[in-house]
Amino acid sequence: MARDIIEQGLRSEYPKGWSDRHEEYQVITDIRTKPLRRVKPDFFEAMYLFQEKKYKEAFTYSKKVLKGIEEVYKVSPNNKYLNMFFNSHHRQLAVLFQQQNKYLNQLVEFDSKHRETYRKYMRD
107 MARDIIEQGL
117 RSEYPKGWSD
127 RHEEYQVITD
137 IRTKPLRRVK
147 PDFFEAMYLF
157 QEKKYKEAFT
167 YSKKVLKGIE
177 EVYKVSPNNK
187 YLNMFFNSHH
197 RQLAVLFQQQ
207 NKYLNQLVEF
217 DSKHRETYRK
227 YMRD
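Numbering (the working numbering), first residue to last: 107 to 230.
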């Protein structure tokens, strides 16, 4: 559906900006980002469970999310969609993995831009 709208925009008498939207669509729907798209609902479920103080269940979902991140990172470490996800959610990821140095160190590896945020939540 989104692709159809973009194609209509590209063919319309006002095509300006539609090529940028097409490029963004290609980045987001790229097969390499599928693991992250697949676990993104798990991220929001983890956040909900954490807020409900169901920490064990939240941690289970969080580990699934980290696995999806890792899959994308392995094939495309500088993936734009992955970077967008980190820019939007690095603080929440740090909270979900607080005092879990093993997982926080993985996040530092995958998202060095926000390493200080992850390090704040590490156990001494």
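Even for Gly, the Cβ is constructed at its ideal location relative to N, Cα and C.
Owing to the predicted nature of the structure, the values given are computational and were not obtained by experimental measurement.
Classify residue i: buried if its beta carbon has 16 or more other beta carbons within 10 angstroms, exposed otherwise.
{"i": "Ser218", "result": "exposed"}
{"i": "Thr135", "result": "exposed"}
{"i": "Val78", "result": "Lying outside 107 to 230, the shown extent of the chain, residue 78 is not represented and no answer is given."}
{"i": "Met153", "result": "buried"}
{"i": "Val145", "result": "buried"}
{"i": "Tyr161", "result": "exposed"}
Please return the same chain residues whose Cβ sits closer than 7 Å to the Cβ of residue i, not counting the five positions on each side in sequence.
{"i": "Phe191", "result": "Leu142"}
{"i": "Leu124", "result": "Before going on, a small fix: residue 124 reads as Trp here, not Leu. Same-chain partners within the cutoff: Ile112, Gly115 and Leu116."}
{"i": "Pro121", "result": "Gly115"}
{"i": "Leu155", "result": "Glu163, Ala164 and Tyr167"}
{"i": "Glu151", "result": "Tyr167"}
{"i": "Arg197", "result": "Thr223"}
Would you say residue i and residue j are within 9 Å of each other, going by their C-beta atoms?
{"i": "Ile137", "j": "Arg127", "result": "no"}
{"i": "Tyr209", "j": "Ser168", "result": "yes"}
{"i": "Phe165", "j": "Gln206", "result": "yes"}
{"i": "Ile175", "j": "Phe216", "result": "yes"}
{"i": "Thr139", "j": "Leu199", "result": "no"}
Over what stretch of residues does the alpha helix (DSSP H) that includes residue i continue unbroken?
{"i": "Arg138", "result": "First-last for Arg138: undefined, no H or E at that position."}
{"i": "Lys159", "result": "Taken as a continuous stretch (DSSP letters only), Lys159 belongs to no alpha helix (DSSP H), as it is neither H nor E."}
{"i": "Lys208", "result": "Asn207 to Phe216"}
{"i": "Glu222", "result": "Arg221 to Lys226"}
{"i": "Ser194", "result": "Lys186 to Leu202"}
Spatial neighbours of residue i within its chain, please: CB distance less than 6 Å, with the 5 preceding and 5 following residues excluded, ordered by chain position.
{"i": "Phe149", "result": "Val171"}
{"i": "Gln232", "result": "Because residue 232 is not part of the residues shown, which for the chain are 107 to 230, the question remains open."}
The ligand ADP and residue i: does the residue's C-beta get closer than 8 Å to at least one heavy atom of that ligand?
{"i": "Leu188", "result": "As far as ligands go, the structure on display features none, and thus does not contain the ligand ADP."}
Tell me which same chain residues have a C-beta within less than 8 Å of the C-beta of residue i, skipping the five on either side of it?
{"i": "His195", "result": "Phe149"}
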